[in-house]
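Note that my numbering has the sequence shown beginning at 4, numbered continuously upward. Idealized CB from N, CA, C, for every residue including glycine.
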Amino acid sequence: MVNVGVIGCGNISGIYFSNLINLFQNTNVFACADIRPERAQAASEKWNIPVMSNEEMMNCPDIQIILNITAPDAHYSLCKQALESGKNVHVEKPLSLTFEQGCELTALAKEKGLLLGGAPDTFMGAGIQTCRKLIDNDFIGEPIGATAFMLCHGHEGWHPSPEFYYQYGGGPMFDMGPYYLTALAFLMGSVTEVTGLTSKPFEQRIITSQPKYGKIIDVEVPTTVAGLLRFENGAVASIITSFDVWKSTLPRIEIYGTKGTLIVPDPNTFGGPVLLSTLDGSGFKEIPLTHGYAENSRGLGVADMARCVMEGRKDNRASGELANHVLEIMSAIHKANDEKIIYKMKTRINKPAPLPNDLLKGQV
Ligand SMILES: NC(=O)c1ccc[n+]([C@@H]2O[C@H](COP(=O)([O-])OP(=O)(O)OC[C@H]3O[C@@H](n4cnc5c(N)ncnc54)[C@H](O)[C@@H]3O)[C@@H](O)[C@H]2O)c1
Numbered sequence: 004m005v006n007v008g009v010i011g012c013g014n015i016s017g018i019y020f021s022n023l024i025n026l027f028q029n030t031n032v033f034a035c036a037d038i039r040p041e042r043a044q045a046a047s048e049k050w051n052i053p054v055m056s057n058e059e060m061m062n063c064p065d066i067q068i069i070l071n072i073t074a075p076d077a078h079y080s081l082c083k084q085a086l087e088s089g090k091n092v093h094v095e096k097p098l099s100l101t102f103e104q105g106c107e108l109t110a111l112a113k114e115k116g117l118l119l120g121g122a123p124d125t126f127m128g129a130g131i132q133t134c135r136k137l138i139d140n141d142f143i144g145e146p147i148g149a150t151a152f153m154l155c156h157g158h159e160g161w162h163p164s165p166e167f168y169y170q171y172g173g174g175p176m177f178d179m180g181p182y183y184l185t186a187l188a189f190l191m192g193s194v195t196e197v198t199g200l201t202s203k204p205f206e207q208r209i210i211t212s213q214p215k216y217g218k219i220i221d222v223e224v225p226t227t228v229a230g231l232l233r234f235e236n237g238a239v240a241s242i243i244t245s246f247d248v249w250k251s252t253l254p255r256i257e258i259y260g261t262k263g264t265l266i267v268p269d270p271n272t273f274g275g276p277v278l279l280s281t282l283d284g285s286g287f288k289e290i291p292l293t294h295g296y297a298e299n300s301r302g303l304g305v306a307d308m309a310r311c312v313m314e315g316r317k318d319n320r321a322s323g324e325l326a327n328h329v330l331e332i333m334s335a336i337h338k339a340n341d342e343k344i345i346y347k348m349k350t351r352i353n354k355p356a357p358l359p360n361d362l363l364k365g366q367v
């Protein structure tokens, strides 16, 4: 087993603790840390693991992977500190607040010979793996286009501390775009050109969740963000993410090929349904899922990194390069709005390898 030190014991940490402790066979949660001691203490008691400070974790020779699931403004500094301390590190999305920081982290990991990984790992779930198999096996022909929509009214109605969603590094593209763009990159490959438009219809938001009910948040970032993307194979896609929409009937992701259309499941989940329409005229049919991990398997990217640590490999699927490619696309959409440009991408990625479809539960 590979020892993982978890930094950040907030809202999303429960599913990571649960899966890294109970689901994956190759991960052991060694310790937890949080800048708020009461949070680390609560996690320690619930999951029966010791508390450490960030520094103790960085210096602990028994820990091989740092899992950084703090809020976005702490991602870059803690990842940098972990890499400089000789630790492999997997971080929640977004990789960092700026593309420059993302480039610095990917370069540092390479220089140190360490693994860097980034969320999301939902593309490793059964739904999107099934979509990849259909594309690879030519069910829709060559992908020529895609649409992606993430339309909601923000997170202040349920998240206990939703301020970060409206601060620099937040907004619908930096928050939810990673799911959609990572899925598109996994299924269609590198993006080469980007343009976009953004807007901010509401200057303030009111928290309606507990315990901050009634608190007003100033909105620092655009909350409707529309991007146009060109892929390396020439395919063109549009993506709209918004925290300003009360209701919508639009699909999550559709991919259009020369021979058919694929409806990709919600990329913020691991399961289906996957729907396929081909030229036989019979309309959309639901396709049985070909892979495991249809349930909430957050942490799959960490387990895949643990596989690499154990086998001395560098091909973790939810890689820093992929997360940085996505970060560049998201930054470019905002930049294109501000500078009225079509942005030429600097990074390119190879599509991560699909997962084997005969894995036993808990294996990667
Ligand atoms: N909440 C969700 O449903 C959800 C889902 C998927 C991904 N995420 C991502 O997970 C990350 C965390 O989200 P969350 O909702 O758990 O946020 P949160 O605010 O509930 O938790 C973050 C925790 O990190 C701690 N922290 C911040 N800076 C720290 C530092 N320097 N050292 C140690 N601890 C520090 C905070 O005290 C807090 O307990 C974000 O990047 C978010 O985008 C959240």
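inquiry  = With a threshold of 6 angstroms on Cβ separation, who are the neighbours of D269 within its own chain once the five nearest residues in sequence on each side are excluded?
reply    = Same-chain partners within the cutoff: R255.
ask   = Do the stretch 194-201 and the stretch 339-359 meet, that is, are 3 or more Cβ pairs less than 8 angstroms apart?
value = Touching, yes.
I72 CB to nearest heavy atom of ligand 1 below 6 angstroms = For ligand 1, at least one heavy atom lies less than 6 angstroms from the Cβ of I72.
key: Length of the line joining the Cα atoms of P357 and Q366   = P357 and Q366: Cα-Cα distance of roughly 14 angstroms.
inquiry  = Can you tell me whether Y216 is buried or exposed? The criterion is at least 16 other CB atoms within 10 Å of its CB, across all chains shown.
reply    = Burial call: exposed.
Among L111, N14, G323, nearest to F167 - alpha-carbon criterion = Put simply, of L111, N14, G323 the residue whose alpha carbon is nearest the alpha carbon of F167 is N14.
Reduced DSSP secondary structure (H/G/I, E/B, other) of S99 = Note: S99 maps to coil in three-state DSSP.
message = Shorter than 6 angstroms, the distance from the beta carbon of I10 to the closest heavy atom of ligand 1, or not?
response = Because some heavy atom of ligand 1 lies under 6 angstroms away, the Cβ of I10 counts as near it: yes.
ask   = Nearest to H337 by CA position, among T201, S99, G116, G237, is which residue?
value = With respect to the C-alpha of H337, the residue from T201, S99, G116, G237 having the closest C-alpha is T201.
ask   = Does the distance from the C-beta atom of A240 to that of L253 stay below 7 angstroms?
value = With a cutoff of 7 angstroms on beta-carbon distance, A240 and L253 are scored as not near each other.
task = Using 6 angstroms as the cut-off, classify the Cβ of N57 as near or not near the heavy atoms of ligand 1, replying yes or no.
result = Yes, the Cβ of N57 comes within 6 angstroms of a heavy atom of ligand 1.
DSSP three-state assignment for G8, whether helix, strand or coil = When secondary structure is reduced to three states using DSSP, G8 falls in the strand class.
query = Should M61 go down as buried or exposed, given a rule of 16 or more other Cβ atoms within 10 Å for buried?
reply = Buried, since its Cβ has 16 or more Cβ neighbours within 10 Å.
inquiry  = Within a Cβ cutoff of 7 angstroms, which residues of the same chain sit near A77, ignoring the five residues on either side of it in sequence?
reply    = Cβ-Cβ distances below 7 angstroms link A77 to nothing in the same chain once the five nearest sequence neighbours on each side are left out.
task = Leaving out five residues on either side along the sequence, give the residues of the same chain with a beta carbon under 7 angstroms from the beta carbon of T211.
result = Excluding sequence neighbours, T211 sits near E159, G160.
query = Thinking just about the alpha-carbon of each residue, which of N271, V305, A110, H328 is nearest to the one in A129?
reply = With distances taken between Cα atoms, A129 lies closest to N271.
C-alpha gap between K96 and Q170, whole angstroms = Rounded to the nearest angstrom, the two C-alpha atoms are 15 angstroms apart.
request  = Give the straight-line distance between the Cα atoms of P396 and S99, rounded to the nearest whole angstrom.
outcome  = No answer is possible for residue 396: the residues shown for the chain start at 4 and end at 367.
message = Quick check on M176: buried or exposed, where buried means 16 or more other Cβ atoms within 10 Å of its Cβ?
response = Buried.
inquiry  = Since T185 and P123 should fall inside the 8 angstroms C-beta cutoff, what is the C-beta to C-beta distance between them, to a whole number of angstroms?
reply    = That pair is a contact at about 6 angstroms.
message = Assuming the contact rule is C-beta atoms closer than 8 angstroms, T101 and N327 should be a hit. Round their C-beta distance to whole Å, please.
response = Contact flag wrong, Cβ pair sits at about 11 angstroms.
message = Could you check whether K262 and I143 sit closer than 7 angstroms to each other, using their CB atoms as the reference points?
response = I143 places its beta carbon less than 7 angstroms from that of K262.
query = When the Cα atoms are used, what is the spatial distance from L303 to F27?
reply = When the Cα atoms are used, L303 and F27 turn out to be separated by approximately 8 angstroms.
query = Excluding sequence positions up to five away, which residues of its chain have a Cβ less than 7 angstroms from the Cβ of L53?
reply = What sits at residue 53 in the sequence shown is Pro, not Leu. Excluding sequence neighbours, P53 sits near A34, S47.
ask   = Who does F152 pair with in a DSSP beta bridge?
value = I243.
inquiry  = Here's the rule I'm using: 16 or more other beta-carbon atoms within 10 Å means buried, otherwise exposed. How should Q213 be labelled?
reply    = Exposed is the call here.
query = Are G180 and K354 touching if we call contact CB-CB under 7 angstroms?
reply = Their beta carbons are not under 7 angstroms apart, which means G180 does not touch K354 by this criterion.
Distance between beta carbons of F20 and V5, contact taken as under 8 angstroms = Taking C-beta atoms under 8 angstroms as the contact rule, V5 and F20 fail to qualify, at a distance of about 15 angstroms.
inquiry  = Quick test of your reading: L330 and G11, contact by CB under 8 angstroms. State the CB separation rounded to the nearest angstrom.
reply    = That pair is no contact at about 19 angstroms.
ask   = Got a sec, what are the start and stop residues for the beta strand (DSSP E) H93 sits in?
value = Looking at the DSSP string, the run of the beta strand (DSSP E) that includes H93 is 91-94.
inquiry  = Quick check on the DSSP output: the alpha helix (DSSP H) that includes Y19 runs from which residue to which?
reply    = That run of the alpha helix (DSSP H) goes 16-21.
message = By DSSP's criteria, I256 is part of a beta bridge. Which residues make up the other side?
response = Note: I256 sits in a beta bridge opposite A151, V267.
ask   = Exposed or buried, which one is L362 when buried takes at least 16 other CB atoms within 10 Å?
value = Classification of L362: exposed, given that the 10 Å Cβ count is below 16.
query = Is DSSP giving Q207 helix, strand or coil here?
reply = The answer is strand: DSSP assigns Q207 an E or B state.
ask   = Hey, which unbroken runs of the beta strand (DSSP E) at 3 residues or more fall wholly within the stretch 259-338?
value = List check, beta strand (DSSP E) in window: 263-267, 277-281, 288-290.
request  = Can you check DSSP and say which residues form a bridge with S202?
outcome  = Answer is T227, bridged to S202.
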